[in-house]
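Quick notes on the structure that follows.
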Ligand SMILES: NC(=O)c1ccc[n+]([C@@H]2O[C@H](COP(=O)([O-])OP(=O)(O)OC[C@H]3O[C@@H](n4cnc5c(N)ncnc54)[C@H](OP(=O)(O)O)[C@@H]3O)[C@@H](O)[C@H]2O)c1
């Protein structure tokens, strides 16, 4: 059982990075004009580090369509996620590069390995228009407005153009702006995967069950709170008191302030939960601390997983072994207490984005946007704004510059 669960977590991590990295460019079936030079503007980094690493360049080669099922997208908006900050600092670099090196060696005998890491374009979320497509793309047409979150091995969306697989994207919801659409994908995919795919909650079994969301006011947390509400679940939000009114408006029945010292006692006095969704991590909310709040058979699911960090710190073999050990240990601890322990991660998934689109168009899901707006040229400032803790909602970037 623990191994099945670990396999699933690693599978999702690998699936999220498993698209072709290097292959001959695929000729696109239909092409519209992109830029005369075949170049684009992008924010790039050459080294991991702080925000000073960002350089804007207007001579970055347009992404090449590498798979017959890939599309090229002209980006109109993106948003900032914590992963952008972590990746800028080097988070996940060793595992992602090990995977890409292995793939390059298998495909090209290693001749492309030195080109793998830098210059790196960050940014996962995007909304934009399809301007080119591979010959096997059947779901989309040139000119379609789509949204999505790029898998971590793709070059990012802090550029005028990005490439994605047709199964990884979806038509943008009709009733919201491009910026709102670009704020949704990563946080929605993460919430959906954690609740439904990793914890097994759905329309058939969720009604009337109880959920606790740790970090409910955050990007992931406020979407998760609404997804629980849509499943007919009763949700308690653990967040700061400043967010109580908002979080109740979007569907939480109950609120607890994590900044008050007896938050755990307060939670312990409430009926137990069927799922605890953790977006903050074991430093404050370890499985051992939180599991007494679960009903028998309940699930503690966390999106703060140690795999990337362990590999960054200890290397590939030792990092993966330590992660496996932790997964097995926590799972066994859970089993001995009658509860489940899960790690969850997002994966680019057009089918899930399509469900999110429906919920948004039915006004059952709304993303909270920070009032401060940023342009493409201000992306490093937008990242600093998030990093400094100033954001009160998703921070979105509007792209207006045309080469
Ligand atoms: N595994 C994956 O695939 C995946 C995907 C997305 C994100 N993540 C990770 O998940 C985490 C959350 O992402 P996010 O986008 O939701 O971040 P975010 O928008 O920055 O939100 C973080 C939230 O955590 C709350 N918070 C901070 N300390 C807390 C504490 N001690 N107790 C309770 N709440 C606390 C903050 O609330 P206040 O402002 O009220 O203090 C804030 O609302 C990040 O570490 C990110 O890297 C993982």
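Residue numbers (the UniProt record's numbering): 1 to 403. Here a beta-carbon is modelled for each residue, glycine too, at the ideal position from N, C-alpha and C.
Spatial distance of residue i from residue j (CA atoms)
i	j	result
residue 102	residue 265	49 Å
residue 154	residue 74	15 Å
residue 146	residue 271	42 Å
residue 189	residue 341	20 Å
residue 32	residue 64	At residue 32, the pLDDT of 40 sits below 50, so the modelled position is not reliable and the matter cannot be decided from this model.
residue 367	residue 82	16 Å
residue 347	residue 192	10 Å
residue 240	residue 318	37 Å
residue 390	residue 398	19 Å
residue 99	residue 43	24 Å
residue 301	residue 214	10 Å
residue 400	residue 261	46 Å
residue 337	residue 52	48 Å
residue 199	residue 376	37 Å
residue 363	residue 313	43 Å
Test item: CB-CB of residue i and residue j under 7 Å
i	j	result
residue 46	residue 135	no
residue 369	residue 393	yes
residue 131	residue 72	yes
residue 252	residue 231	no
residue 212	residue 273	yes
residue 224	residue 344	no
residue 238	residue 220	no
residue 38	residue 66	no
residue 234	residue 210	yes
residue 396	residue 183	yes
residue 178	residue 350	no
residue 282	residue 54	no
residue 70	residue 165	yes
residue 307	residue 323	yes
residue 414	residue 94	Because the chain spans 1 through 403 in this model, residue 414 falls outside it and cannot be assessed.
residue 170	residue 354	yes
Beta-bridge partners of residue i, as assigned by DSSP
i	result
residue 55	44
residue 343	302
residue 355	Answer by DSSP bridge pairing: none, since residue 355 is not bridged.
residue 234	210
residue 404	Because residue 404 is not part of the residues shown, which for the chain are 1 to 403, the question remains open.
residue 120	45
residue 278	214, 302
Cβ neighbours of residue i in the same chain (closer than 7 Å, five flanking residues each side left out)
i	result
residue 157	75, 78, 123, 124, 125, 126, 150
residue 40	60, 62, 159, 160, 161, 403
residue 406	Beyond the ends of the chain as shown, which are 1 and 403, falls residue 406; an answer cannot be given.
residue 295	272, 273, 274
residue 218	279
CB contact below 7 Å: residue i versus chain D
i	result
residue 400	In the displayed structure, chain D is absent; only one protein chain is listed.
Proximal residues to residue i (C-beta, below 8 Å), its chain only, five neighbours per side dropped
i	result
residue 267	212, 236, 238, 256, 293
Same chain, Cβ closer than 6 Å to residue i, five either side skipped, listed in chain order
i	result
residue 305	343
residue 25	Residue placement at residue 25 is poorly supported in this model, since its pLDDT is 49, which falls under 50; the coordinates still yield a value, given next. If we look at residue 25 and ignore the five residues flanking it on each side, its Cβ neighbours are 64.
residue 175	361
residue 58	41
residue 227	191, 195
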